[in-house]
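Under mature numbering (1 follows the signal peptide of the UniProt record, and there is no 0), residues -17 to -1, 1 to 359 are what the sequence shown spells out, in order. Here the structure comes first, spelled out in structure tokens, and everything after it is commentary.
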Amino acid sequence: MKSSTVLIVALASLSTALLRFQCSQLVVQRLDPLVDPGSIPSSHVHQIVGGVCLTHSQFWSLSLTKETRTASTRRWILEKICRESRRVQPAHSAKISRIIGLVCSLHLFDRCIRLLRNSLAVLYFKARNGTYKRVPQKSQISGATAGITVYYMQDALYDTQQKSKVKSFQHGFRMFIGDVNARSKDKVKHFRQLTYTCMDNDGTREPELLEFPKRTCPAGIMVNQRFPTCWDGVNLDSPNHMDHMAYPETGTFESQGPCPASHPVRMPQVLFEVVWDTKAFNNKNDWPTDGSQPFVWSFGDATGYANHADYVFGWKGNALQRLMDTPCVVNCPAANPKTQSTAAMNKCAQKAIVNENVDGCESNFRTPKFTLFLIT
């Protein structure tokens, strides 16, 4: 859930908005409504942050026709179907599942705080004895519980002016970044700025690596995920959740590189920062005997090259566009945003739909038992 104090980077000469806020962890489970809609469980464990109205079939509704989505139905029927939505399994009729996704999106969506919905893979430590343990996270914002830090930028993070204009994402927009199957640098060279930073202290921000650090990291491992910023101006999604977005034709978003003609619309730079608290795993006597780094993503990648994330836009109305167009110091008072306290944010949680142990302490990573919740 988004922290109430929309934490804005207060820059003395700020012209327009640079947003920075914490999103608490809602649930850790094997569910991915963007890539595996309707699948219970999905292929690997994710941490889900953002809106509390997530269901496994939620995003199917967006593929239905406008006429279907606006059909009227009795309120008591809607409520009943939504209550039953979590019980639907993939083997059930696809039509029924789509209806459930439709109903929950239409009927419940507006009753939930809806800002963004993101899912990110979960990090595990592989001990020398063959067991696995889920790595916890630490917040970068005082008082917040786990989760991620999200940035929306109009220019580079270090640019104190933020003068460029950007167009906000639209309702129904979603995107994906990364390659779950990548295991080498060549496979990810076209994805820009999916990186790791080995933190010696809380202020460490470089160097940024494409693979997992090979050494112990006293203050944890920071994962940065910067999404593409050029939109084709037409499609809110694409079959692979990537083709409707592109990187600048030359340079980067930070250097104000121009968008390609095929994707001419400049969107905000979305950046996820996640700090994995690896301090408890810095004893090299617990690391693999061959000296290799011990961390592995929940889908089986021990290289780090398969770093990836989902983004689903969920801001209400034109709130994000107003914020991006308004000079923002703390809380952006000129844009009159609704806010939520950090304490209230920390109380936001979602009951797991997939009930299984996701914390680890299992051996033999590729056995069928472990496959149930860790690997494709």
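Glycine residues also receive a C-beta, built at the ideal position from the N, C-alpha and C atoms.
Check                                                                                                                                                                             : Outcome
Do you know how far the Cα of S238 is from the Cα of K109?                                                                                                                        : 39 Å
Going residue by residue through the region 109 to 136, where are the continuous alpha helix (DSSP H) segments of at least 4 residues, counting only ones entirely within it?     : none
To the nearest angstrom, report how far apart A139 and L1 are at their CA atoms.                                                                                                  : 9 Å
Report the three-state DSSP secondary structure of L306 (helix, strand or coil).                                                                                                  : helix
Looking at M225: is its Cβ nearer than 8 Å to the Cβ of F159?                                                                                                                     : yes
With DSSP collapsed to three states, give me the class of L1.                                                                                                                     : coil
Would you mind giving the Cβ-Cβ distance between E256 and I131, rounded to the nearest angstrom? I have them listed as a contact below 8 Å.                                       : 6 Å
For a test of the three-state rule: what should DSSP assign to A202, helix, strand or coil?                                                                                       : coil
Would you mind working out which of S245, A292 and S151 sits nearest G300, comparing C-alpha positions?                                                                           : S151
Exposed or buried, V217, counting other C-beta atoms within 10 Å across all chains shown (16 or more means buried)?                                                               : exposed
Once DSSP output is grouped into helix, strand and coil, what is the label at V171?                                                                                               : helix
Assess, as a yes-or-no matter, whether the region 255 to 269 is touched by the region 228 to 244 under the definition of 3 or more beta carbon pairs within less than 8 Å.        : no
How do the region 192 to 199 and the region 266 to 285 stand: do at least 3 beta-carbon pairs fall below 8 Å, yes or no?                                                          : yes
With C-beta atoms as the reference, is P247 less than 8 Å away from M136?                                                                                                         : no
Quick check: the Cα distance between F282 and F264, rounded to an integer number of angstroms?                                                                                    : 20 Å
Measuring alpha carbon to alpha carbon, tell me which of Y134, S122 and Q120 ends up nearest R3.                                                                                  : Y134
Bridge partners for D293 per DSSP, in chain order?                                                                                                                                : F159
On the criterion of 16 or more Cβ atoms from any shown chain inside 10 Å, does H291 qualify as buried, or is it exposed?                                                          : buried
Kindly list the residues whose CB is nearer than 7 Å to the CB of P243, restricted to its own chain and excluding five residues on each side of it in sequence; keep chain order. : C213, A229 and E232
Taking 7 Å as the limit between beta carbons, can you name the residues of its chain near Q176, skipping five residues before and five after?                                     : N207 and R209
Note down the Cα distance separating L303 from V253, rounded to an integer number of angstroms.                                                                                   : 12 Å
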